[in-house]
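J.: I'd like to ask some things about the structure below.
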Amino acid sequence: MRRLAAFGRFWWDFVVGDDWRAAAGILGSIGVTAALVALGWNAWWFLPAASAVVLWLSLLRAVRRRA
Amino acid sequence: MKDGFLFASAFLASGVEMVEALTIVLAAGVTRGWRSALFGLGAAVVALTAIVAVLGPALTLIPIQALRLVVGALLLAFGLQWLRKAILRASGFVGLHDEDAIYARELEEARTAGHEMRAGMDWYGFTLAFKGVLLEGLEVAFIVITFGSAQGNIALAALAAGVALVLVTIVGVLVRAPLARVPENTLKYAVGVMLTTFGIFWSAEGAGADWPGGDAALPVVLAFVVVVSVAAVAVLRRRRVALSPA
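Chains as they are written, first to last, in the numbering used here: chain A, 24 to 90; chain B, 121 to 366.
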């Protein structure tokens with residue numbers, strides 16, 4: 024059981040890292056892109072913009088922690 | 121063009137991780153003997169090759185749009201982590217990655233650890249080299265599998281990783297010291313930019329969007345990520361100067 028938990032923790036750290044909000048923001052942004060496409064918009068522009076916002080917010084959180 | 125990006129991304133990411141793995145193998149070899157360190161290295165390379173050989177072809181069975189959605193999301197989450205760390209390093213909020221300092225720490229830990237011989241090998245040296253190469257190599261395997269499968273060219277991504285492995289091994293054997301002069305922080309920044317770019321590109325495609333110009337949009341996305349990250353570094357540098365005591 025402990026090994027299974029360690030395995031799960033490894034993959035969590037690997038993909039999500041220390042800011043789960045950023046990973047959640049990315050998943051949400053991809054969901055919004057898919058929803059906009061389903062509504063008939065070719066929403067290629069949404070994900071680059073959303074990624075920039077997610078990155079900036081994640082940087083601000085990291086900087087606040089360090090400051 | 122996409123193949124060129126694919127090769128460059130897999131090569132750079134693999135090279136950076138292999139430089140880190142080399143530092144660990146060197147520390148294990150110098151302090152605990154080369155036999156156990158090289159066996160550890162060999163066992164890890166076999167395990168990583170098996171992971172790529174099994175998972176790579178399995179992923180090609182998944183429909184390409186679903187694959188790009190999943191791979192794109194993973195790469196984007198993973199790439200933003202790299203990019204965030206690189207921006208924090210470049211703006212001075214996090215210390216730069218220092219291969220010499222890491223090597224010194226690994227040497228000290230390996231020297232003070234107890235000796236346990238199993239099958240004629242120093243077990244600590246074997247485990248240190250095995251774990252180090254496996255953990256660093258898993259990132260390489262992840263990039264090779266995700267990039268290769270989403271692009272439908274695992275062989276090219278594996279080739280790029282193989283070229284990086286040969287290059288780092290040759291230089292490592294010649295130098296017999298950590299490759300501290302490799303501009304690792306800059307390379308990590310470049311890899312973060314490329315992972316994020318491919319992540320955005322494939323996630324949007326996987327979600328059903330069509331890029332204007334098709335593949336020709338990739339360099340535009342790359343330029344966008346570079347501009348955003350450089351602007352972030354500039355803003356955070358100013359903020360750090362404002363925060364630091366006079």
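No residue lacks a Cβ here, since even glycine has one placed at the ideal position from N, Cα and C.
(1) Using the rule of at least 16 other Cβ atoms within 10 Å of the residue's Cβ for burial, across every protein chain shown, is residue 140/B buried or exposed?
(2) Count the other CB atoms within 10 Å of the CB of residue 34/A; is the residue buried (16 or more) or exposed (fewer)?
(3) Would residue 67/A count as contacting chain B if we go by Cβ distances under 8 Å?
(4) Within 8 Å (strictly less), CB to CB, does residue 151/B reach chain A?
(5) Cβ of residue 69/A within 8 Å of Cβ of residue 59/A?
(6) May I have the straight-line CA-CA distance separating residue 242/B from residue 144/B, to the nearest angstrom?
(7) In the DSSP output, which residue or residues are listed as bridge partners for residue 42/A?
(8) Let me know if residue 42/A comes out buried or exposed under the rule of 16 or more other beta-carbons within 10 Å of its beta-carbon.
(9) Might you give, ordered along the chain, the residues of its own chain that have their beta carbon closer than 7 Å to the beta carbon of residue 122/B, omitting 5 neighbours on each side?
(10) Among 80/A, 51/A, 67/A and 46/A, which residue has its Cα nearest to the Cα of residue 197/B?
(11) Are the beta-carbon atoms belonging to residue 397/B and residue 312/B less than 8 Å from one another?
(12) Under 8 Å Cβ to Cβ from residue 127/B, same chain only, skipping five residues before and after it: list those, please.
(13) Taking DSSP as the reference, what is the three-state secondary structure of residue 24/A?
(14) So which residues on chain A does residue 332/B lean against when the C-beta distance must stay under 8 Å?
(15) Would DSSP call residue 153/B helix, strand or coil?
(16) Within a Cβ cutoff of 6 Å, which residues of the same chain sit near residue 195/B, ignoring the five residues on either side of it in sequence?
(17) For residue 78/A, would you say it is in contact with chain B, using Cβ-to-Cβ distances shorter than 8 Å as the test?
(18) Give the secondary structure of residue 198/B by DSSP, where H, G and I count as helix, E and B as strand, and everything else as coil.
(19) Can at least three beta-carbon pairs, one atom from the region 341 to 348 of chain B and one from the region 288 to 298 of chain B, be found at a separation below 8 Å?
(20) Using only CA atoms, which one of 357/B, 175/B, 146/B and 360/B lies nearest to residue 367/B?
(21) Given that residue 348/B touches chain A, what residues does it touch there, using C-beta distances under 9 Å?
(22) Are residue 227/B and residue 151/B closer than 8 Å when you measure CB to CB?
T.: Judging by the given coordinates:
(1) buried
(2) exposed
(3) yes
(4) no
(5) yes
(6) 15 Å
(7) Residue 42/A pairs with nothing; no bridge assigned.
(8) buried
(9) 271, 335 and 338
(10) 46/A
(11) Because chain B spans 121 through 366 in this model, residue 397/B falls outside it and cannot be assessed.
(12) 276, 277, 279 and 280
(13) coil
(14) 67
(15) coil
(16) 266, 315, 318 and 319
(17) yes
(18) helix
(19) no
(20) Missing from the structure shown is residue 367/B; chain B here goes from 121 to 366 and no further.
(21) 71, 74, 75, 78 and 79
(22) yes
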